[in-house]
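Engineer:
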Amino acid sequence: MVVPSLKLQDLIEEIRGARTQAQEREVIQKECAHIRASFRDGDPMLRHRQLTKLLYVHMLGYPAHFGQMECLKLIASSRFTDKRVGYLGAMLLLDERHEAHLLITNSIKNDLSQGIQPVQGLALCTLSTMGSAEMCRDLATEVEKLLLQPSPYVRKKVVPQLAQILRTLVTTGCSTEHSISGVSDPFLQVQILRLLRILGRNHEESSETMNDLLAQVATNTDTSRNVGNAVLFETVLTIMDIRSAAGLRVLAVNILGRFLHNSDRNIRYVALTSLLRLVQSDHSAVQRHRPTVVECLQETDASLSRRALELSLALVNGSNVRAMMQELQAFLESCPPDLRADCASGILLAAERFAPTKRWHIDTILHVLTTAGTHVRDDAVANLTQLIGGAQELHAYSVRRLYNALAQDISQQPLVQVAAWCIGEYGDLLLEGNFEEIEPLQVEEEEVLALLEKVLQSHMSLPATRGYALTALMKLSTRLRGDNNRIRQVVSIYGSCLDMELQQRAVEYDTLFRKYDHMRAAILEKMPLVEQGGPQVDEEAKESKEGAPAPTESQASQLLDLLDLLDGASGNAQHPPLLDPSPGGALVHLLDLPCAPPSPAPIPDLKVFEREGVQLNLSFIRPPENPALLLIIITATNSSESDVTHFICQAAVPKSLQLQLQAPSGNTVPARGGFPVTQLFRILNPNKAPLRLKLRLTYNHFGQSVQEIFEVNNLPVESWQ
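Residue numbers (my numbering): 97 to 817.
1) Taking the beta strand (DSSP E) that Tyr795 belongs to, which residues open and close that run?
2) Please classify Pro140 as buried or exposed, where buried requires at least 16 neighbouring CB atoms within 10 angstroms.
3) If I follow the unbroken alpha helix (DSSP H) through Val412, where does it start and stop?
4) Leaving out five residues before and five after Asp505 in sequence, what residues of the same chain have Cβ atoms less than 8 Å from its Cβ?
5) The alpha helix (DSSP H) spanning Gln105 covers which residue range?
6) Just mark Arg373 as buried or exposed, buried being the case when its beta carbon has 16 or more other beta carbons within 10 Å.
7) Starting from Gln482 and walking both ways along the alpha helix (DSSP H), at which residues does that stretch end?
8) Who are the near neighbours of Gln210 in its chain, counting only those whose CB is closer than 8 Å to its CB and skipping five residues on each side?
9) Suppose only complete runs of 4+ residues qualify. What are the alpha helix (DSSP H) ranges in the region 153–232, listed by chain order?
10) Distance check for Arg473 and Asn781, CA to CA, integer angstroms please.
11) How many whole angstroms separate the CB atoms of Ala404 and Cys392, which I take to be in contact at a CB cut-off of 8 Å?
12) Excluding sequence positions up to five away, which residues of its chain have a Cβ less than 8 Å from the Cβ of Leu223?
13) For Ala133, count neighbouring Cβ atoms within 10 angstroms of its own Cβ and tell me buried if that reaches 16, exposed if not.
14) Using the Cβ count rule (16 or more neighbours within 10 Å means buried), how would you classify Gly442?
15) Taking all protein chains shown into account, do 16 or more other C-beta atoms lie within 10 angstroms of the C-beta of Gly138, making it buried, or fewer, making it exposed?
16) Look at the alpha carbon of Leu295 and the alpha carbon of Ala219, and state the distance between them as a whole number of angstroms.
17) Spatial neighbours of Gly762 within its chain, please: CB distance less than 7 Å, with the 5 preceding and 5 following residues excluded, ordered by chain position.
18) Can you list, in chain order, the residues of its chain with a C-beta nearer than 6 Å to that of Leu793? Leave out the 5 residues immediately preceding and following it.
19) Less than 8 Å separating the beta-carbons of Ala478 and Pro432?
20) Relative to the C-alpha of Ala308, which candidate in Phe283, Thr334 and Phe329 has its C-alpha closest?
21) Determine the extent of the alpha helix (DSSP H) in which His457 is found, giving its start and end residues.
22) With a threshold of 16 other CB atoms inside 10 Å of the CB of Gly414, please say whether the residue is buried or exposed.
23) Using the beta-carbon count (16 or more within 10 Å), is His457 buried or exposed?
24) Roughly how many angstroms separate the alpha carbons of Gly486 and Leu620, rounded to a whole number?
25) Note down, one range per segment and in chain order, each beta strand (DSSP E) of at least 3 residues found wholly within the region 710–752.
26) Enumerate in chain order the residues of its own chain whose CB-to-CB distance from Ser377 is below 7 Å, with the five nearest sequence positions on each side excluded.
27) Closer than 8 Å by C-beta to Arg788: which residues in its own chain qualify, once you throw out the five before and the five after it? Chain order, please.
28) Can you list, in chain order, the residues of its chain with a C-beta nearer than 7 Å to that of Ser752? Leave out the 5 residues immediately preceding and following it.
29) Assign Thr561 to one of three DSSP states: helix, strand, or coil.
30) Let me check understanding here. Comparing Cα to Cα, which of Val412, Gln105, Gln117 and Arg297 lies closest to Ser738?
31) Taking the straight line between their C-alpha atoms, what separation do you get for Asn206 and His161?
32) Going by alpha carbons, who is nearest to Leu515 out of Leu310, His299, Thr561 and Phe743?
33) Beta-carbon within less than 8 Å of Leu490's beta-carbon, same chain only, minus the 5 sequence neighbours each way: which residues are those?
34) Between which two residues does the beta strand (DSSP E) holding Gln508 run?
35) Alpha carbon to alpha carbon, what distance is there between Gly157 and Ser340?
36) Take Ser302 and list the residues in its own chain whose beta-carbon comes closer than 6 Å to its own, dropping the five residues that flank it on each side.
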C-alpha cells in the first residue's frame with residue numbers, strides 16, 4: 097500500500113515529533129521520495145506545495161538540489177502562488193554560479209517589465225540575493241525604470257538614498273505594521289546597513305558621510321530584544337568594514353563587549369568571532385574587554401570556549417603576558433581534550449614571543465609539558481633544549497626542576513625526553529646540590545641512574561624516549577664520580593634490542609667503552625649551543641647555501657646518532673650500518689665523519705603559494721646513496737598580523753611515483769614571521785618520470801576557513817632527472 101504524501105503542517109509536526117535523528121531521517125527520506133515522484137508526474141497544481149516542503153527540508157540541512165529546476169518552472173508560471181514559492185526557492189537553492197542563471201534572468205526580466213507590483217518585488221528581492229554581475233548588467237535597464245515609479249513598494253526594493261531612509265527609520269520610525277518588537281522595519285535596516293558596508297569599503301568620502309548615521313543607529317537601537325541586537329550587530333560589521341572614525345570603532349568594540357554579557361550563546365559566539373577579527377586593527381580597544389573574554393574560557397559550549405581561547409591568545413602581549421599565562425595555564429588543566437592541543441600550542445608560541453625572562457620561559461614550558469605533554473607541538477622538545485642550552489646561568493636550576501618532574505611522572509613523553517637530555521648534559525650540577533633559589537635536596541648517583549633505567553624499562557616510553565635515556569646514561573659515565581660498570585651493563589643489554597635505532601646506539605656506546613675508552617670523555621663532553629632553524633628555509637640559510645655546500649644527509653645522520661644532539665631530528669635519514677668488528681672500521685664510523693663523499697649541487701628552492709601573508713616554499717634533497725629518492729621539505733611561513741591555525745597540507749603524485757607524508761612540525765603558523773611549520777615528503781621515483789605535485793591546503797586565517805587546491809608543474813628538473 098502506497099503511503100500518501102504529507103501536507104506541510106503534518107510534515108513539520110512529524111519531524112518535530114521524531115525522538116531520534118534516525119527517525120527524523122526516515123521521515124524526510126520517505127517524504128523526499130514522494131516529492132520526487134510528484135515532480136516526475138508533473139502535476140502543476142501540486143508543484144508549489146511539494147517545493148514548499150522541500151524548502152523546509154533544505155532549511156533543516158538535508159539535500160534538496162533536485163528541486164532547483166522546479167523553481168524555474170514555478171517562476172515561469174502565470175499564477176502568483178507559484179511565482180512566490182518559485183522565487184523563494186531560487187533564493188535558497190540557487191546562486192550566481194548555477195548553470196541555470198540564463199533561464200532565471202529571462203524570467204526576472206519578464207516579471208520586472210510587467211505592471212504587477214508584488215511580482216516585481218519578488219523579482220527584485222531574488223536579484224539582490226543571487227544576482228551575478230552578468231545578471232545585474234542584463235537587468236540594469238529594467239531596474240532603472242522601476243526607480244522612476246511613484247509607488248514606494250517597488251522603489252524600496254532597490255534602496256535609493258540609503259542614509260536618509262535609515263535615518264528616518266531610526267529617528268521617526270515607520271508604520272506599526274512594519275515594526276517588530278519596537279524596532280522599525282529591522283529587515284530593511286539590515287539590508288541598508290549591508291549595502292552601506294559595500295559602498296563604504298575603501299571609500300573615504302562615503303565612509304565619512306556614514307559616520308554620524310552609524311553612530312546614531314548604534315546609540316538609539318533598543319537592545320532589550322533579539323531584533324535590536326541583530327540590527328546592532330550589522331551596524332558593528334559596517335563600522336568594521338568601512339573607513340570609519342577611530343571613536344566609532346571604539347564604540348563598535350564596546351558594543352561587542354556588551355554582547356559578551358548576553359545570556360544568548362549565539363550572541364556571545366558572534367561577539368567573540370567579531371572581536372577576533374578586530375583584535376589586530378584595534379588591539380587596545382579589544383584589550384579593555386580582556387577580563388570578560390577570559391571568563392568565556394569556562395563556557396560549557398565547545399564552540400564558545402574555542403573562540404574564547406583563540407581571542408585570549410590573540411590578546412597576549414608583552415605587558416600582560418604573566419597574567420594571561422596564568423589564566424591560560426589554569427584553563428589548560430581543565431579544558432576539554434579536543435582543545436588541549438590548541439591551548440598548549442598557543443601558550444608555547446606566546447611564551448616564545450613575549451617571555452619577560454628566560455627563567456619564566458623555562459617554567460612556562462615545563463608547566464605545559466607537565467600538564468599536557470602528549471598534546472604539545474612536535475618541536476617543543478627541540479625548542480626547550482635550545483632554550484636551556486643557551487641559558488648557562490639556569491643550567492643548575494633547570495636540571496633540578498626537570499629531575500623532580502621526571503621523578504613524579506614518566507608518562508609525559510616530551511617531558512621525559514627533555515629531562516633525560518638535561519640530566520645527561522648537566523648531571524654533574526644535579527649532584528652538587530648547590531641551589532640558592534630552590535630548596536636544597538641531596539641527590540645520589542644511584543637515584544639518578546635508577547630513574548633513567550626506569551624510563552628505559554617503562555612500557556610507556558617511546559623508542560625515541562629510550563634513545564634519550566640511553567644517551568643520558570652514556571653521558572653520565574663521564575660526569576659521575578662512581579664506578580661505570582652499571583652503565584656499561586645497561587648499554588650492553590640494549591645491544592641486542594629489537595629496535596634498530598636503539599640497538600645501533602648501544603653497540604656504538606659499547607664500542608666506546610671497550611676499544612676507545614681513552615676518547616670517551618672527549619666525545620661525550622657537553623654539547624655546544626646549536627643555531628636554531630633546522631629544515632626551515634630563511635634568508636640567512638639561503639645565503640649560506642649559496643656560499644658553501646650543505647653537509648650530506650648521511651653526515652648529519654651519523655653526527656646525530658653519535659652525539660644525540662636532538663634525538664635524530666631527521667628520522668627518515670639513512671643511518672650508517674652497524675659497526676665493523678675491526679678497530680679501524682669502528683673508528684671510521686664513530687669519528688671520521690669528514691671522509692663522507694661531497695654533496696651534489698643544491699636544488700633551487702621554489703615558492704608555490706602566497707596569500708594574505710601565508711607563504712609555502714619547497715626545498716629539495718636527493719640523497720647521493722639513493723638517487724631515486726627525493727626529499728621535499730614544505731615550509732609554511734606567515735607574515736600577516738594573525739596566526740594561521742589548523743594548518744594541514746596534503747599532497748598527491750602520479751601513480752608511477754610513491755609518496756609518503758611525514759607528520760608536520762605543528763598545525764599553527766604564528767603571525768609576524770614566527771616559527772614556521774615544516775613537513776617532509778618522501779617521493780620514490782625509480783623511473784625518473786617528470787614530477788608533478790598536487791597540493792591541498794586547509795587552514796583558518798582571520799577567523800575564516802580557507803581551502804586551496806593547486807598543481808605544481810614547474811618543479812626543478814634536478815629534482816627528478
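Beta carbons are placed, not taken as given, at the ideal position from N, Cα and C, and that holds for glycine.
Structural biologist: Taking the structure as given:
1) Leu789 to His797
2) exposed
3) Note, Val412: premise wrong, no alpha helix (DSSP H); not H, not E.
4) Thr466 and Leu511
5) Unbroken alpha helix (DSSP H) run through Gln105: Leu104 to Gly113.
6) By the neighbour-count rule (16 or more Cβ atoms within 10 Å), Arg373 is buried.
7) Ala476 to Gly486
8) The answer, listed in chain order, is Gln216.
9) 164–171, 176–189, 197–209 and 213–226
10) 31 Å
11) Right, their Cβ atoms sit about 4 Å apart.
12) Ile204, Met231, Cys232, Leu235 and Val239
13) exposed
14) buried
15) exposed
16) 23 Å
17) Ser441, Arg473, Asp474, Asp475 and Val773
18) Cys745 and Glu804
19) no
20) Going by the sequence as given, residue 308 is Asp instead of Ala. For Asp308, the nearest C-alpha among the options comes from Thr334.
21) Lys454 to Ala468
22) exposed
23) buried
24) 19 Å
25) If we require 3 residues or more, the beta strand (DSSP E) runs fully inside the region 710–752 come out as 710–717, 725–734 and 740–748.
26) none
27) The answer, listed in chain order, is Val749, Pro750, Glu807, Val808, Asn809 and Leu811.
28) Asn783 and Ala785
29) helix
30) Val412
31) 25 Å
32) Looking at the sequence shown, residue 515 is not Leu but Ala. That would be Thr561, whose Cα lies nearest to the Cα of Ala515.
33) Lys454, Arg455, Ile458 and Ile484
34) For Gln508, no beta strand (DSSP E) run applies, since DSSP gives it neither H nor E.
35) One Cα belongs to Ser340, the other to Gly157, and the distance between them is close to 37 Å.
36) Leu295 and Gly296
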